[in-house]
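**Student:** This is the structure, below, for whatever I ask next.
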Amino acid sequence: MDGPNRPCICLGLAYDDWVAVCLVPPDTRSGAADKTVQILELFDQYLAAAGTDKRRIQLAQIWIACLDDFDAVKRQLDKWLVGEHQPAINCMRADMAKPEIAVEIRITAAR
């Protein structure tokens, strides 16, 4: 999906008892931590629409343009998941479709 107040990339699928969503931040003018918060807030909305929530996330895959941002991104993810089931997480450095994106996260959750 692409448009006002929408992420410029949104790859998602819900099927039977699972849902997968991949997002980039809609506002790319801020730093990696804020971009991560934007993505996590959108995940809450998408998961709710699919009838599940962050407690059911099984896997989080993170792509960041600069590994120096890893701690800031992981800190936001940990705050978002505080007290929740901890999913498997992997993180890798990647070139983004647009350099200003800087952070992309995909989650897979049960529902």
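Take the sequence shown: its position 35, counting from 1, is numbered 37 in the working numbering, and each next residue is one higher. The C-beta atom is built at its ideal place from N, Cα and C for all residues, glycine as well. None of the values given here were measured: they were computed from a predicted structure.
(1) Indicate the three-state DSSP secondary structure (helix, strand or coil) for residue 89 in the structure shown.
(2) Could you pull the DSSP bridge partners for residue 94 from this structure?
(3) Are the beta-carbon atoms of residue 37 and residue 84 separated by less than 7 angstroms?
(4) May I have the straight-line CA-CA distance separating residue 68 from residue 41, to the nearest angstrom?
(5) Who does residue 16 pair with in a DSSP beta bridge?
(6) Would residue 44 pass as a contact of residue 25 if the rule is Cβ separation under 7 angstroms?
(7) Pull up the distance between the alpha-carbon of residue 39 and that of residue 108, whole angstroms please.
**Tutor:** Well, looking at it:
(1) Coil, per DSSP.
(2) DSSP output for residue 94 lists 65 as bridge partner(s).
(3) With contacts defined by Cβ atoms closer than 7 angstroms, residue 37 and residue 84 do not form a contacting pair.
(4) 17 angstroms
(5) 21
(6) Inclusion of residue 44 and residue 25 in the CB contact set at 7 angstroms is warranted, their separation being smaller than that value.
(7) 14 angstroms
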